[in-house]
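The structure appears right after this line, and notes come after that.
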Amino acid sequence: MRMQIGAYLARRLVEAGISHLFGVPGDFNLSFLEQVEADASLTFVGNCNELNAAYAADGYARTSGLCGLVTTFGVGDLGAISGIAGAYAERVPFVHITGIPPLHAVEGRALLHHTLGDGGYGNIGRCMAEYTVAQARLTPENAVEEIDRVLQACWRERRPVHLQLPSDITHLNIEVPEEPFRFALPQGDVEQVALAAGHIATRLAAARLPVMILDSDADRFGVAGQIAALAERCAIPCVAAAPAKAVLDETAPYYLGGYVGGASRPDIRELVSQSDCVIGVGLRFTEINTGFFTHEIRPEAFINLQAHDVSLAGRSIPAAPVGAVLEALLAQVTPSSRTLPARPAASAASLPGGAADRLTHATLWPRVARFLKEGDVVVGEAGTSNTALLGTPFPRNSHYISQPIWGAIGYTLPALFGSQLGSPDRRHLLFIGDGSFQLTAQELSTILRHDQKPIIFLLNNRGYTIERLILGERSRYNDIANWRYADLPKAFDRKDRALSLVVETVGDLEQALKQAEQADWVVFIEVLLPEMDAPDALKRFGMVVADYDYGPQGPRNASTKKG
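Residues in the sequence shown are numbered consecutively from 1, following the UniProt record's numbering.
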């Protein structure tokens, strides 16, 4: 069977479950985009720039599965690279396809635009190799093998991959297999899986105070259901590191809350430190997950179920994938009579603040918590929004999108667009600061162009508050222009498909939330907050970061200097 190379790539993408490609057109990818346009199963989605396209692909992949990112060589690739690196760090899979100059130009070292003008064409691939798990430059000779190899790696590792497609080979015909593409997911070694499951079952049976700590792998590898079943059957309390917020049902009796090392709630901190069987699910000891390395986990009690292997008190058992191990473990364990720890009782007090009071974080977030609904997709920008949302209880079947490890500000607006494109029937809410919004603001126009209907909360505190809390409380480098944010939906869309509101008091907010409940279009709420106001957890975080980053002799904000 013979097919054009570009058409075959499109076919393989569709067979891998991909229906959407985000990106920006450029002369080196146009020949492939013509073939995408001709394929009814694929949709190209244009973004305002390549970085936003990468963020959109990331957001889409988190709620809707595999997708693609299309750029042009050089400028397009490097424009997208921070978004690709973020997806690598956060373990989010998508396929990056870049149209590169014609193969004859590459082989002849021609001095073309979008290059460094030195005849070199390996530099972009070397850059991408740092932030993707598989790469290939396609040729007529290798296309069949390399496309399948790279797609397999993308899903196996749940991370981005990179394909270079020369512009002059897309319409060349080659011999291709008739068999459809199928993911060959690693099942591990049966004996190794049984060994790991047996060890864990034995440890659980003997444990007095077991606990599970989830990281993002619980979501990326689709094992949340197995974890919930294990927690219910064996009465194991569960806590979540920041990347695993809302992966489990936060209303379930076995779910206690978030884990951030020594900064955790006292009952959670004590449970983890005293546990004789701590089961991590892909747990990474980043400073965010551990409260700047203040975690206390007994090494001999720690078991980590990782993507493809298990670590048992420091001993590695390879060829034991997390899903297979959990399945084998569930087949062995029996119901436990242990009693789950009780969560602190939720306050039944009325909401803080009166209608005429100026909004603060203390009055904002309790009202946000009541506004959330079952099934919501909540997107939290780095800084005040993410910090507050991590401590906000979510309803059942919620999904939370944030980027706690890579932490690129501006990520969430394009990610919101990508997620809503793939999951249009779910209500999406974005909480983003003014400084972050300014980095990717133009993607609001893409949201409006596609007639999406999210609820966007723009937290305007006139600058980089998270940075002010770390250092430079009164320094000009943390200042930004104070835009008329609520006017932007009208500027970005001539059809006026948005409800724009500005709120400054508690009463303003409550009225805006009522309007948002009824609206059938984009709701853009600019929330005016005091400049240095922030959730208490973020204020503490700022001082810890300053201590860690600058050392005992480094600079500090005058208001936080220790005597």
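We put the CB at the ideal spot given by N, CA and C, even for glycine. These figures come from a predicted structure and were not determined experimentally.
Hey, out of the options, whose CA is closest to residue i's CA?
i, options, result
"E374", "E146, A328, R427 and F293", "R427"
"L413", "R556, G59 and H361", "G59"
"F221", "P186, A382 and T360", "P186"
"P489", "A408, F524 and W483", "F524"
"F371", "E381, L389 and A355", "L389"
"T98", "V133, D27, V14 and E90", "D27"
"D508", "A61, L528, G433 and A519", "L528"
"Q420", "R269, L69, D434 and H450", "H450"
"D425", "P454, A415, Q442 and Y400", "P454"
"H162", "E146, T132, P140 and R462", "T132"
"L66", "V106, A153, Y400 and L103", "A153"
"A89", "A61, P160, I200 and A491", "P160"
"S216", "G17, A441 and Y259", "Y259"
"residue 567", "V36, D148 and L364", "The chain is shown only over 1 to 563; residue 567 falls outside these bounds and no answer can be derived."
"P166", "F183, N557 and L138", "L138"
"C277", "A229, P341, T202 and Y255", "T202"
"C234", "A320, I5 and V333", "V333"
"A61", "H399, A346 and G119", "H399"
"L78", "A129, E287 and P352", "A129"
"A80", "G17, N52 and V95", "N52"
"I227", "R158, N478 and V322", "V322"
"L513", "V368, C238 and D496", "V368"
"R156", "E141, F183 and E175", "F183"
"E178", "R2, A498, Q442 and D547", "R2"
"E50", "E232, A519, I84 and V378", "I84"
"G188", "V144, H308, Q164 and I124", "H308"
"residue 604", "A498, E526, V506 and T505", "The structure shown has nothing for residue 604, since the chain only spans 1 to 563."
"W483", "P552, D496 and N460", "N460"
"D118", "A349, V106, G422 and H96", "V106"
"R315", "E443, F94 and I200", "I200"
"E287", "L271, S273 and A263", "A263"
"A242", "A382, P266 and G125", "A382"
Ignore the nearest five residues each way along the sequence and tell me which others in residue i's own chain have a CB closer than 7 Å to its CB.
i, result
"T446", "N47, C48 and F417"
"S275", "L209, P210, V211 and A301"
"V247", "L214, A218, D219, A224 and A240"
"A408", "S82 and G86"
"R538", "Before going further, note that residue 538 is Leu rather than Arg in the sequence given. Same-chain partners within the cutoff: T384, T387, I466 and L469."
"L42", "A10, L13, V14, S19, L21 and V36"
"R284", "D215"
"P140", "I5, I169, L172 and I174"
"residue 569", "The first residue shown for the chain is 1 and the last is 563, placing residue 569 beyond what the model contains."
"Y548", "F292"
"V545", "I470"
"A244", "L214, D215, S216, A218 and D219"
"P555", "L471"
With a CB to CB cut of under 6 Å and the five nearest residues on each side skipped, what residues in its chain are close to residue i?
i, result
"Q306", "G282"
"S500", "A486, P489 and F524"
"G280", "I213 and N304"
"G261", "T290, G291, T294 and H295"
"G380", "N386, L389, S402 and F431"
"D249", "R396"
"R494", "none"
"Q164", "T98, I100 and R137"
"Y121", "V106"
Is there at least one Cβ from chain B nearer than 8 Å to residue i's Cβ?
i, result
"R158", "Reference to chain B is not applicable here, since this structure consists of a single protein chain."
So residue i and residue j are in contact, right, with Cβ under 8 Å, and what is the actual spacing, rounded?
i, j, result
"L439", "G463", "The Cβ separation is near 14 Å, so there is no contact."
"L13", "P25", "Their Cβ separation, rounded to whole angstroms, is 17 Å, which puts L13 and P25 out of contact at 8 Å."
"L458", "F437", "6 Å"
"G193", "A110", "Position check: residue 193 holds Val in this sequence, whereas Gly was assumed. Not quite, the Cβ-Cβ distance comes to about 52 Å (not below 8 Å), so this is no contact."
"V310", "A207", "In fact, because the Cβ distance is near 16 Å, the residues do not count as touching under 8 Å."
"P366", "P352", "6 Å"
"P318", "L256", "31 Å between Cβ atoms; not a contact."
"E232", "Y254", "6 Å"
Counting only the same chain and skipping the five closest in sequence on each side, list residues whose C-beta sits under 8 Å from that of residue i.
i, result
"A313", "P299, E300, A301, F302 and I303"
"T392", "W365, V368, A369 and L372"
"Q355", "Rather than Gln, the amino acid found at residue 355 in this sequence is Ala. Result list for A355: T505, V506, G507 and E510, in chain order."
"I268", "V239, L256, G257, G258 and Y259"
Less than 7 Å separating the Cβ of residue i from some heavy atom of the ligand FMN?
i, result
"V322", "The ligand FMN is not among the ligands present in this structure, which contains no ligands whatsoever."
Any chance you could list the beta strand (DSSP E) runs of at least 3 consecutive residues sitting entirely within the region 184-231, in chain order? 210-214
Okay, do the region 6-13 and the region 165-180 touch, 3+ Cβ pairs below 8 Å being the bar? Result yes; three or more Cβ-Cβ pairs closer than 8 Å.
Three or more C-beta pairs closer than 8 Å, one from the region 353-364 and one from the region 533-545: is that the case here? yes
Does the pairing of the region 69-84 with the region 102-121 give three or more beta-carbon distances under 8 Å? yes
Is it a yes or a no for the region 453-470 touching the region 328-341, going by three-plus beta-carbon pairs under 8 Å? Segments in contact, no.
Unbroken alpha helix (DSSP H) runs of length 4 or more, entirely within the region 60-128: which are they? 75-90 and 103-107, all fully within the region 60-128.
What ranges does the alpha helix (DSSP H) occupy inside the region 315-389, keeping only unbroken runs of at least 4 residues that lie completely in it? 322-332 and 361-371
Please give the ranges of any alpha helix (DSSP H) in the region 472-513, keeping only runs that are unbroken, at least 4 residues long and fully inside the region. 488-492
Those runs of the beta strand (DSSP E) which lie wholly inside the region 412-444 and span at least 3 residues: 428-433
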